[in-house]
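Residue numbers (our numbering), protein chains in the order written: chain W, 1 to 341; chain E, 1001 to 1341.
No residue lacks a Cβ here, since even glycine has one placed at the ideal position from N, Cα and C.
Some notes on the structure that comes next.
2 protein chains.
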Amino acid sequence: MAAKGTDIADFGAVKLLDRISTAFPISQPSTVSGIGNDAAVINNSGKQTVAAAQLMLEGIHFDLTYTPLKHLGYKAVIAVINKIYAMNAAPVQLLLSLGVSQRFTVEDIDEITEGIAAACKRYQLDLAGVDISSSFTGLTVGITAVGAAEADQIVTRSGGKPTDLLCLSGNLGAAYMGLQLLRREKTVFEANNNAQPQLEGYNYILQRYLKPEAQQETFNLLTNNNIVPTAMISAVNGLASDTLQICKASNCGVRIYLERLPIASETFRMAEEMNFDAVTAALNGGDDYELLFTVPLGMHEIIQKELQGVDIIGHLCDAAEGNYLITPDNQAVELKAQGWE
Amino acid sequence: MAAKGTDIADFGAVKLLDRISTAFPISQPSTVSGIGNDAAVINNSGKQTVAAAQLMLEGIHFDLTYTPLKHLGYKAVIAVINKIYAMNAAPVQLLLSLGVSQRFTVEDIDEITEGIAAACKRYQLDLAGVDISSSFTGLTVGITAVGAAEADQIVTRSGGKPTDLLCLSGNLGAAYMGLQLLRREKTVFEANNNAQPQLEGYNYILQRYLKPEAQQETFNLLTNNNIVPTAMISAVNGLASDTLQICKASNCGVRIYLERLPIASETFRMAEEMNFDAVTAALNGGDDYELLFTVPLGMHEIIQKELQGVDIIGHLCDAAEGNYLITPDNQAVELKAQGWE
């Protein structure tokens, strides 16, 4: 390692990704789409093959004091297959790499695989490869998902055009508020081992954090209605960051209307209880596993009529017009992505 | 985690993999081959897509006190693409997942990606996806490789038949002795910070550990000579373990002839210097990144004549005859795999 160097947190994760990307020009004919989307697209002369990878690291992506191993296995699958759905492709195969330290037992691994198996059953997936190594430093779960789609169905982040509608499945900030609740109860428990966790009435936000689902339903609705979005992304880093990724890749600006942001009532209630701004949770919380996509303006009606659970939250515009959140009293707040987590 | 449970080291990594596999029956028509081979095989109506994943964990797969980050990046690619070659397929795309802790700088990441870029150039690969997360616990490198092959070219571990010849590219134990040398010099250095590492004369074994190459050449030789092995595996866990994997998957026994084991002179020399048995390094050392494969007996001549660098080291037999290493004085030593590392 360099004795001195540039701090990654200061530099920013997005800039770091750009920096890496420039070192890797695409050169192979079968690589249809590479870095900069949720998944790679590969053409082996049949359907397009779509592949994405995801690491889940202990202490970063999960805390085992409140994440059961079974849920961890399930969630790791959700995280990676939602990237395949975000390419408008169906995930089919998974590869699993586990790094486990000595404090884990065979039964622990059983629990993780139970969660993965439950996700495989729910989403019709085959686990097609497993690799286990020992680890000095806690639990590492690496999952790769491989999917397929016809070439003309693939959606990247870069096809958005000014006036396109910005659409979002489900709602935002729920998983983030669920996590805040779990953290609060952990702190209470650490201070007093006899304390019982106060989790009642918050099933929905806890479930959104602990056992999220992927957007197979939205993918199916799009397919069944012959809608191919112009751009799409797996919404996991908070609406601000995810929207800006589409804007950047599509060379567009954006307007999001604050009053249209879908936020569940439990999310609002928890935020209020914690003196936290629910809109901030929606914009920057992350872990939503929704689909954020754009469609041509003319699809306004079909989206509203046929895509249950999908909201139109704004629209793209010229890049020169910038990226703004519009409040109900018509103030424009610039959208900014959070840095390195 | 379970309060009490079965220790993974006692249980054994191979048994653990079997246990996991039984929880995941293959159900999707496009999954041609799943768990139990070096890579998954997927049929999306064109060429077969072959995918494999690999985790590299700090402290387990590498020690940064003697592994330069550039070499680490290079080696991570070698480890995963050799799995694709082991399916008799050509690797083409890579997906990279990095987990980096705060002690790493942007320049450190540059070094890792330089190594990956060098491997991409050397092996004509596209990096088609990158994902970076922060980490509390050192450096984690996850790489997925995707390749392609015609359906009738794919080789798994399970096609070996009694009398098939057991063939091996390159030589064994070199990387393991290189690692022992690095460890020795690290210990000396820790005892005396002014000590200069004594690495002269051991370039070959050091290179085999620090900057191994994948078996593109052997893959090309097989292809150019129209040889499709009956079974093949990426030789990384030591000859004993790797051979037993083929035997188990092919339901065969094996005879390996000790005097035919290819071991480089530097490997022998280092082993002697350290009072270590070079054959043990070959059988159990691992990290070789060679190809171990079987071909029908009738291919004896073409292998010897056309496959430069490949040795015939034994043959398969009936499973009932067991798995043995035959010494020059005709003693039969049972082949046993090492447990959890």
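- For W/A214, the secondary structure class from DSSP, reduced to helix, strand or coil, is coil.
- For E/V1141, the enclosing beta strand (DSSP E) has its first and last residue at 1140-1149.
- When secondary structure is reduced to three states using DSSP, W/E200 falls in the coil class, being assigned neither helix nor strand.
- Shown here, E/Q1304 sits in a helix according to DSSP, grouped into three states.
- Taking every protein chain shown into account, the CB of E/G1129 has 16 or more other CB atoms within 10 angstroms, so this residue is buried.
- Taken through DSSP and simplified to helix, strand or coil, E/T1049 comes out as strand.
- For the pair E/F1293 and E/I1026, the Cα-to-Cα distance works out to about 25 Å.
- By the rule that beta-carbons nearer than 9 Å mark a contact, W/C167 does not touch chain E.
- Counted as a single uninterrupted DSSP element, the beta strand (DSSP E) harbouring W/S234 occupies residues 231-235.
- When W/M87, W/A90, W/D110 are compared, the shortest CA-CA separation from W/L98 is found for W/D110.
- E/Q1054 carries a strand assignment under DSSP once its states are collapsed to helix, strand and coil.
- Beta-bridge pairing by DSSP links W/Q93 to W/D126, W/V146.
- Residue range 69-85 is occupied by the alpha helix (DSSP H) that includes W/N82.
- Under the 9 Å criterion on CB atoms, W/A148 is classed as interfacial with respect to chain E.
- Residue-level contact by beta carbon holds for E/E1107 and chain W, with a gap shorter than 9 Å.
- Around the beta carbon of E/E1190, a 10 Å sphere encloses fewer than 16 other beta carbons of the protein chains shown; the residue is thus reported as exposed.
- No Cβ of chain E is located within less than 9 Å of the beta carbon of W/V228.
- Excluding residues up to 5 positions away in sequence, A319 lie with their Cβ nearer than 7 Å to the Cβ of W/N251 in the same chain.
- Following the DSSP letters along the chain, one finds E/F1189 inside the alpha helix (DSSP H) bounded by residues 1174-1191.
- The residues V1188, F1189, in chain order, have a CB closer than 7 Å to that of E/A1195 in the same chain once the five nearest residues on each side in sequence are set aside.
- Looking at the backbone, the Cα of W/A175 and that of E/Y1204 are separated by about 52 Å.
- Nearest CB-CB separation between E/E1114 and chain W: below the 9 Å threshold.
- As a beta-bridge residue in DSSP terms, W/D318 pairs with W/C252.
- It is roughly 14 Å from the alpha-carbon of W/D63 to the alpha-carbon of W/I112.
- Taking 9 Å as the CB threshold, E/N1043 lines the interface with chain W.
- In this structure, W/A235 keeps its C-beta atom at 9 Å or more from the C-beta atom of W/D152.
- At a cut-off of 9 Å between beta carbons, W/E190 makes no contact with chain E.
- Nearest C-alpha to W/C317 among W/L297, W/A118, W/D329: W/L297.
- Taking C-beta separations shorter than 6 Å and ignoring five residues to either side along the sequence, W/N220 has no partners in its chain.
- Judged by DSSP secondary structure, E/T1280 falls within the alpha helix (DSSP H) whose first and last residues are 1278-1284.
- Under the three-state reduction of DSSP output, W/G159 falls in the coil class, being neither helix nor strand.
- For E/L1297, the three-state secondary structure derived from DSSP is helix.
- Remark: C-beta atoms of W/G178 and W/Q338 do not approach each other more closely than 9 Å.
- Approximately 6 Å separates the beta-carbon atoms of E/I1154 and E/V1041; this is inside 8 Å, confirming the contact.
- Taken through DSSP and simplified to helix, strand or coil, W/S21 comes out as helix.
- In chain order, L125, D126, V146, G147, A148 place their CB closer than 7 Å to the CB of W/V92, counting only its own chain and leaving out the 5 sequence neighbours on each side.
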